[in-house]
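This report concerns only the one structure given below.
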Amino acid sequence: MTFQVVGLHRFPVKSMLGDVHDRLEFGAAGVVGDRLWALRFPDGKLASGKNHQRFRRTPGMLEHRAVYDADGTPVVLAPDGAELRPGDPRIPERFGEDVELVREEGPSLHKDVSAVSLVGTASLRALGDLLGDADPVDVRRLRKNIVVETDEPWIEESWVGRELVLGGGEGRDPLVLRVSKRVKRCVMVTQAQPGLPVDNRVLKTLTTARGMCIGIHTDMVAPAPLALGDTVVVR
Numbered sequence: 001m002t003f004q005v006v007g008l009h010r011f012p013v014k015s016m017l018g019d020v021h022d023r024l025e026f027g028a029a030g031v032v033g034d035r036l037w038a039l040r041f042p043d044g045k046l047a048s049g050k051n052h053q054r055f056r057r058t059p060g061m062l063e064h065r066a067v068y069d070a071d072g073t074p075v076v077l078a079p080d081g082a083e084l085r086p087g088d089p090r091i092p093e094r095f096g097e098d099v100e101l102v103r104e105e106g107p108s109l110h111k112d113v114s115a116v117s118l119v120g121t122a123s124l125r126a127l128g129d130l131l132g133d134a135d136p137v138d139v140r141r142l143r144k145n146i147v148v149e150t151d152e153p154w155i156e157e158s159w160v161g162r163e164l165v166l167g168g169g170e171g172r173d174p175l176v177l178r179v180s181k182r183v184k185r186c187v188m189v190t191q192a193q194p195g196l197p198v199d200n201r202v203l204k205t206l207t208t209a210r211g212m213c214i215g216i217h218t219d220m221v222a223p224a225p226l227a228l229g230d231t232v233v234v235r
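See below:
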């Protein structure tokens, strides 16, 4: 089976909006720079859109977008036009006392589960149908790294346990990922962000119809760059 990459996304700061790319570099931990930074509270918990033993629900996360500047420094773009970098005193003023924007260190990763997440376009359309909407569910709600053009809803879930060979050719080594499990969704998919309102139907519908799951988690086998239009072969 051969498919095509139609979307590439990176999220420099955990639980904030990210950026869209025509091409991304992948390393041993996944997309280079993805979720590499996070807001950390003094007790060690990370700011998130949900509460968890590792995370603290922090209002306003999805109102902020994170990108990297030309020097590779993360820049948090606030809705009022402010640009916040690590060490900026406005960060604790906005998000909580003594909150810091910190880089991932040691074995404790900011990512919840896997190196790279992926979803098929047919699944986005199918979820839109389940919601009774004319359009596919907006992929921004799901925060996936890779979007693949598919014709059959949920087909990517059948790839669990198999390898994906992405890109390569013309002297380039391919990116190789091993599919580990379905992605179980949380309250993050319901929350508002610029251009998208609160929509509690999304998680309720996924819970009822899909066991809370959409998309797949993958682990890194062989890192390599990936670009829009690259092929995806399931083996």
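Using this note's numbering, you'd call the opening residue of the sequence shown number 1 and step up by one each time. From the three backbone atoms N, C-alpha and C, an ideal C-beta is built for every residue, glycine too. From a predicted model like this one, the values you see are computed outputs, not experimental measurements.
Could I get the ranges of all uninterrupted alpha helix (DSSP H) runs contained in the region 78 to 143, with 4 residues as the minimum, in chain order? 90 to 95 and 121 to 130
Compute the distance between the beta-carbons of L164 and D230, then report whether it is under 8 Å. Here residue 164 refers to the residue found at position 164 when the sequence shown is read from its first residue. Here residue 230 refers to the residue found at position 230 when the sequence shown is read from its first residue. Contact flag unset, no.
Using the three-state DSSP reduction, which class does R172 fall into: helix, strand or coil? The residue given as residue 172 occupies position 172 in the sequence shown. DSSP places R172 in strand when its eight states are reduced to three.
Given V113, which residues of its chain have a CB within under 7 Å of its CB, disregarding the five upstream and five downstream residues? In the sequence shown, counting from the first residue as 1, residue 113 sits at position 113. Excluding sequence neighbours, V113 sits near H217.
Neighbourhood of P153 by C-beta, 8 Å cutoff - its chain only, sequence neighbours within 5 removed: In the sequence shown, the residue the question calls residue 153 occupies position 153. Excluding positions up to five away in sequence, the list reads G120, A122, S123, R125 and A126.
Same chain, Cβ closer than 7 Å to R201, neighbours up to 5 away in sequence not counted: Residue numbering aside, residue 201 sits at position 201 when the sequence shown is read from its first letter. L131, listed in sequence order.
Starting from V234 and walking both ways along the beta strand (DSSP E), at which residues does that stretch end? The sequence position of residue 234 within the sequence shown is 234, counting from 1. Residues T231 to V234.
Which value, in whole angstroms, describes the spacing of the CA atoms of L36 and A134? Stepping through the sequence shown from its first residue, residue 36 is reached at position 36. Stepping through the sequence shown from its first residue, residue 134 is reached at position 134. Taking the straight line joining both Cα atoms gives about 36 Å.
Quick one: what's Q193 bridged to in DSSP? For the purposes of this step, residue 193 is identified with residue 193 of the sequence shown, where counting begins at 1. BP columns for Q193 point to L196.
Supposed contact pair V6 and L228 - C-beta distance, whole angstroms, cut 8 Å: In the sequence shown, the residue the question calls residue 228 occupies position 228. In the sequence shown, the residue the question calls residue 6 occupies position 6. About 7 Å separates the two Cβ atoms, so the contact holds.
Report buried or exposed for H52, applying the criterion of at least 16 other Cβ atoms within 10 angstroms of its Cβ. Residue 52 sits at position 52 when you count from the first residue of the sequence shown. It is exposed - the Cβ of H52 has fewer than 16 other Cβ atoms within 10 Å.
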